[in-house]
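Number of protein chains: 2
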Amino acid sequence: MRYAGLEEVSIVSNADWVAEIAALVGEPARAHMLLALGDGRALPAGELAACADVTAQTASGHLARLEQAGLVTVVRQGRHRYYRIASVEVASMLEAVMAVAAVSPPAVMRFHADPVLQEARTCYNHLAGRLGVAICDALVRIRAVVLDGEIAHVTTEGLAFLESWGINVSRIRLHPACRTCIDWSERRHHLAGTVGIAIHEHCLALQWIEHHLDSRAVRITPTGERGLRTVFGIALTELR
Amino acid sequence: MRYAGLEEVSIVSNADWVAEIAALVGEPARAHMLLALGDGRALPAGELAACADVTAQTASGHLARLEQAGLVTVVRQGRHRYYRIASVEVASMLEAVMAVAAVSPPAVMRFHADPVLQEARTCYNHLAGRLGVAICDALVRIRAVVLDGEIAHVTTEGLAFLESWGINVSRIRLHPACRTCIDWSERRHHLAGTVGIAIHEHCLALQWIEHHLDSRAVRITPTGERGLRTVFGIALTELR
DNA sequence: GCGACGCTTCGGCGCCGGCCGAAGCGTTCC
DNA sequence: GGAACGCTTCGGCCGGCGCCGAAGCGTCGC
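Protein chains in written order, with the working numbering: chain A, 1470 to 1709; chain B, 1470 to 1709.
Right, here's the structure in full:
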């Protein structure tokens, strides 16, 4: 039966294109390179080849395909070609695949809970891992934030707290809520969106964290260790 | 240099697992079957084989791999085996891949804008396509909802509107905000999360929409056509 | 100007995975 | 009880893809 011109139509070619995009990620060397770029940085082709443990020729071929499909962008700088994740959509897709990988059944569970990435890392533009989850938990504990499914609502106390910590909350005050990510390593939530990005950027500005040179892992500095304990009540030992 | 026991460690085995999950989606026959299940329904293996245009043996092998990896679950009912998407994470991953596929560069753009799926479909548990986007736009127009990146905030007027339409807003009132999805077919937002689900379920309850028997497409009934015009100011012609 | 470096292109090889025909198992209907 | 149906398992074939050595191009440092 038909309504208003609706017809029964196959979704064939969309599935083919979805398969093509997923297949680009579904090859270990390419996945390594994409995840290496996962924290938003730009890396040269040689370094990506090393990440993936393949030769420059192999890496070059893979990167060409990723670029043609729009998953990465490339900028030439002298003899170097710097690659980066092309869009937030691509980064989100990688996190989504990781979220699925993290909840795979124990029988085939081979997802390596890398202690360093579990402890603190960036999730494209915000903090993730145990640090990200601990900050989220601390904000919930002091009722700065209320979790509701995939949304985190910032309370009036929360705005005051963030402001006293030094974050400019003028934009957050307009819409005191943000997205959360399901953290694949902890299987709990960390803050994403406007609040998550603001916290990440503020931790960098305070030099509480440093970005690892060649990994998504994030280093917590001694200053950061003290600050996390003082401001959030987070002991570094609880992140290990 | 090291801080607090942090060590430089490769992310090798995580990438391998991400590649394995993505590769499961990255094969056209499996992608067809997964997308066929994308609206949350359960389908028997034979029907999935037909969706993917492969024999029962081929479909059986693919489904076994999907089940082993935890992407689908299976329930036996007599001689039939009914498969469904295993979790919200898997559904989100499929949407994330589709979002990337939709924004691929024009040079390799082969994503088929299926008119039926573009018009109205379900996105796992909420409305998507032109209908989903039109409802979102209408709510923004009457200031029932304010968009802020990936978050949609429900205003006081919005709560009143939804309540007068017949939705129980007691839960939404607690946290008047929800997630949005980037609609791959329209490249604009539609409402997901609590509000998106509530709207989808209410449209079903009012019999404004019907689920298509073997597709993610959603049928808009004559009752729905009138209701959409009356309540939301949406003409069916603007959805075609 | 020349050598070194970063990276790309070309061509070839080997392996893996998707396919289906045949056979088999469990369930249902007559 | 036997035929039909839904689906799984087995075995084999074939095409595609990932790999790298060799060669080449553009850039940079001395």
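For every residue, glycine included, the Cβ atom is placed at its ideal position computed from N, Cα and C.
Check this for me: beta carbons of A:Ala1492 and B:Gly1495, under 8 Å apart or not?
Taking the first sequence and counting its residues from 1, one reaches residue 1492 of chain A at position 23. Taking the second sequence and counting its residues from 1, one reaches residue 1495 of chain B at position 26. With respect to B:Gly1495, A:Ala1492 sits close: the two C-beta atoms are nearer than 8 Å.
Quick check on the DSSP output: what are the complete alpha helix (DSSP H) runs of length 4 or more inside the stretch 1629 to 1671 of chain B, in order along the chain?
Whole alpha helix (DSSP H) segments, 4+ residues: 1639 to 1643.
Report the residue ranges of all alpha helix (DSSP H) runs contained in full by the stretch 1525 to 1611 of chain A; include only those spanning at least 4 residues, in chain order.
As far as the stretch 1525 to 1611 of chain A is concerned, its whole alpha helix (DSSP H) runs of at least 4 residues are 1525 to 1537, 1557 to 1571, 1584 to 1588, 1598 to 1610.
Can you tell me which of the three DSSP states A:Arg1510 falls into?
Taking the first sequence and counting its residues from 1, one reaches residue 1510 of chain A at position 41. Residue state, collapsed to three classes: coil.
Taking the alpha-carbon of B:Ile1421 as reference, which of B:Ala1621, B:Val1609, B:Val1700, B:Ile1689 has the nearest alpha-carbon?
No answer is possible for residue 1421 of chain B: it lies beyond the span of chain B, which begins at 1470 and ends at 1709.
What residues of chain A sit near B:Leu1504, judged by a beta carbon separation below 8 Å?
Taking the second sequence and counting its residues from 1, the one referred to as residue 1504 of chain B is at position 35. Within 8 Å Cβ-Cβ: Ile1480, Asn1483, Ala1484, Val1487.
Count the CB pairs spanning the stretch 1603 to 1614 of chain B and the stretch 1656 to 1672 of chain B that are closer than 8 Å, and state whether there are at least three.
A contact is defined here as three or more CB-CB pairs under 8 Å, and the stretch 1603 to 1614 of chain B meets this definition with respect to the stretch 1656 to 1672 of chain B.
Cβ shell of B:Ala1500 (< 6 Å), same chain only, five flanking positions each side left out:
Reading the second sequence from its first residue, position 31 is the one you call residue 1500 of chain B. Same-chain partners within the cutoff: Val1494.
Beta-carbon proximity check, B:Val1572 vs A:Gly1618, cutoff 8 Å:
Taking the second sequence and counting its residues from 1, one reaches residue 1572 of chain B at position 103. Taking the first sequence and counting its residues from 1, one reaches residue 1618 of chain A at position 149. No, these two residues do not count as a Cβ contact at 8 Å.
C-alpha gap between B:Leu1631 and B:Val1557, whole angstroms
Here the question's residue 1631 of chain B lines up with position 162 in the second sequence. Here the question's residue 1557 of chain B lines up with position 88 in the second sequence. If you draw a straight line from the Cα of B:Leu1631 to the Cα of B:Val1557, it is about 26 Å long.
Here's the rule: buried if 16 or more other CB atoms are within 10 angstroms of the residue's CB, otherwise exposed. What is B:Ser1561?
Counting from one through the second sequence, the residue named residue 1561 of chain B turns up at place 92. Buried, since its Cβ has 16 or more Cβ neighbours within 10 Å.
In this structure, does DSSP put A:Glu1679 in helix, strand or coil?
For the purposes of this step, residue 1679 of chain A is identified with residue 210 of the first sequence, where counting begins at 1. Three-state result, A:Glu1679: strand.
Delimiting residues of the beta strand (DSSP E) encompassing B:Ala1621:
Within the second sequence, residue 1621 of chain B is the residue found at index 152, counting from 1. Element bounds for B:Ala1621: 1620 to 1623.
When we look at the beta-carbon of A:Ala1750 and count the other beta-carbons within 10 Å, is it buried (16 or more) or exposed?
As shown, chain A starts at 1470 and ends at 1709. That puts residue 1750 of chain A outside it, with no answer to give.
From the DSSP output, read off the bridge partner residues of B:Asp1617.
The residue given as residue 1617 of chain B occupies position 148 in the second sequence. Bridge partners of B:Asp1617: B:Ile1620.
Would A:Glu1564 be called buried (16 or more neighbouring beta carbons within 10 Å of its own) or exposed?
On the first sequence, position 95 is the one that residue 1564 of chain A refers to. Its Cβ being crowded by 16 or more others within 10 Å, A:Glu1564 is buried.
Chain-ordered neighbours of A:Leu1647 on chain B, where CB pairs are closer than 8 Å
Here the question's residue 1647 of chain A lines up with position 178 in the first sequence. Correcting the residue type first, residue 1647 of chain A is Cys in the shown sequence and not Leu. Neighbours of A:Cys1647 on chain B, chain order: Ile1620.
Can you grab the Cα-Cα spacing for the pair B:Ile1554 / B:Ala1528, in whole Å?
The sequence position of residue 1554 of chain B within the second sequence is 85, counting from 1. The sequence position of residue 1528 of chain B within the second sequence is 59, counting from 1. Approximately 15 Å, taken between the alpha carbons.
So what does DSSP say about B:Ala1704, is it helix, strand or coil?
The residue you call residue 1704 of chain B lines up with position 235 of the second sequence. In the structure shown, B:Ala1704 sits in coil (DSSP, three-state: anything other than H, G, I, E or B).
8 Å is my cut-off, CB to CB: does B:Ala1511 come that close to chain A?
Walking along the second sequence from the start, residue 1511 of chain B turns up at place 42. It does not; no Cβ of chain A falls within 8 Å.
Locate the beta strand (DSSP E) running through A:Arg1425, then write down its first and last residues.
What is shown of chain A runs 1470 to 1709, which leaves residue 1425 of chain A out entirely.
Are there 16 or more other CB atoms within 10 angstroms of the CB of B:Glu1670, so buried, or fewer, so exposed?
Along the second sequence, read from residue 1 onward, the residue named residue 1670 of chain B stands at position 201. Exposed: under 16 other Cβ atoms inside 10 Å.
Within 10 angstroms of the Cβ of A:Thr1649, are there 16 or more other Cβ atoms? Answer buried if so, exposed if not.
Taking the first residue of the first sequence as 1, we reach residue 1649 of chain A at position 180. Looking at its Cβ environment, which holds 16 or more other Cβ atoms inside 10 Å, A:Thr1649 is buried.
Less than 8 Å separating the beta-carbons of B:Arg1695 and B:Ala1704?
Counting from one through the second sequence, the residue named residue 1695 of chain B turns up at place 226. Counting from one through the second sequence, the residue named residue 1704 of chain B turns up at place 235. The answer is no: Cβ separation not under 8 Å.
Taking C-beta to C-beta, are B:Pro1497 and A:Asp1522 nearer than 8 Å?
Counted from its first residue, the second sequence places residue 1497 of chain B at position 28. Counted from its first residue, the first sequence places residue 1522 of chain A at position 53. With a cutoff of 8 Å on beta-carbon distance, B:Pro1497 and A:Asp1522 are scored as not near each other.
Is B:Thr1663 close to chain A? Criterion is C-beta to C-beta, closer than 8 Å.
Within the second sequence, numbered from 1, the residue matching residue 1663 of chain B stands at position 194. So, interface residue.
Please list, in chain order, the chain A residues whose beta carbon lies closer than 9 Å to that of B:Glu1496.
Here residue 1496 of chain B refers to the residue found at position 27 when the second sequence is read from its first residue. Ala1488, Ala1491, Ala1492, Gly1495, listed in chain order.
Euclidean distance between Cα positions of B:Ser1633 and B:Val1623
Within the second sequence, residue 1633 of chain B is the residue found at index 164, counting from 1. Within the second sequence, residue 1623 of chain B is the residue found at index 154, counting from 1. Each residue's alpha carbon lies about 14 Å from the other.
Is it true that the CB of A:Ala1597 sits closer than 8 Å to the CB of A:His1659?
As a working mapping, residue 1659 of chain A is identified with position 190 in the first sequence. As a working mapping, residue 1597 of chain A is identified with position 128 in the first sequence. With contacts defined by Cβ atoms closer than 8 Å, A:His1659 and A:Ala1597 form a contacting pair.
Determine, using beta carbons only, whether B:Ala1518 comes closer than 8 Å to chain A.
If you number the second sequence from 1, residue 1518 of chain B lands on position 49. For B:Ala1518, the answer is no, since every Cβ of chain A falls outside 8 Å of its Cβ.
Please list the terminal residues of the continuous alpha helix (DSSP H) segment that includes A:Leu1504.
On the first sequence, residue 1504 of chain A is found 35 positions in, with the first residue counted as 1. Where A:Leu1504 is concerned, the enclosing alpha helix (DSSP H) starts and stops at 1497 to 1505.
Can you tell me which of the three DSSP states A:Asp1522 falls into?
Start at 1 with the first residue of the first sequence, and residue 1522 of chain A comes out as number 53. In the structure shown, A:Asp1522 falls within a coil segment according to DSSP collapsed to helix, strand and coil.
Within the same chain, show all residues whose beta-carbon is closer than 6 Å to that of A:His1644, passing over the 5 residues directly before and after it, in chain order.
Counted from its first residue, the first sequence places residue 1644 of chain A at position 175. Taken in chain order, the list of residues that qualify is empty.
Closest to A:Val1487 by C-alpha separation, out of B:Ala1514, B:Ala1570, B:Trp1677, B:Glu1516, would be which residue?
Working through the first sequence from its first residue, we reach residue 1487 of chain A at position 18. Checking every option, the nearest Cα to that of A:Val1487 belongs to B:Ala1570.
Assuming B:Gly1515 and B:Ala1525 form a contact by the criterion Cβ under 8 Å, report the distance between their Cβ atoms to the nearest whole angstrom.
For the purposes of this step, residue 1515 of chain B is taken as the residue at position 46 of the second sequence. For the purposes of this step, residue 1525 of chain B is taken as the residue at position 56 of the second sequence. Confirmed, Cβ separation roughly 6 Å.
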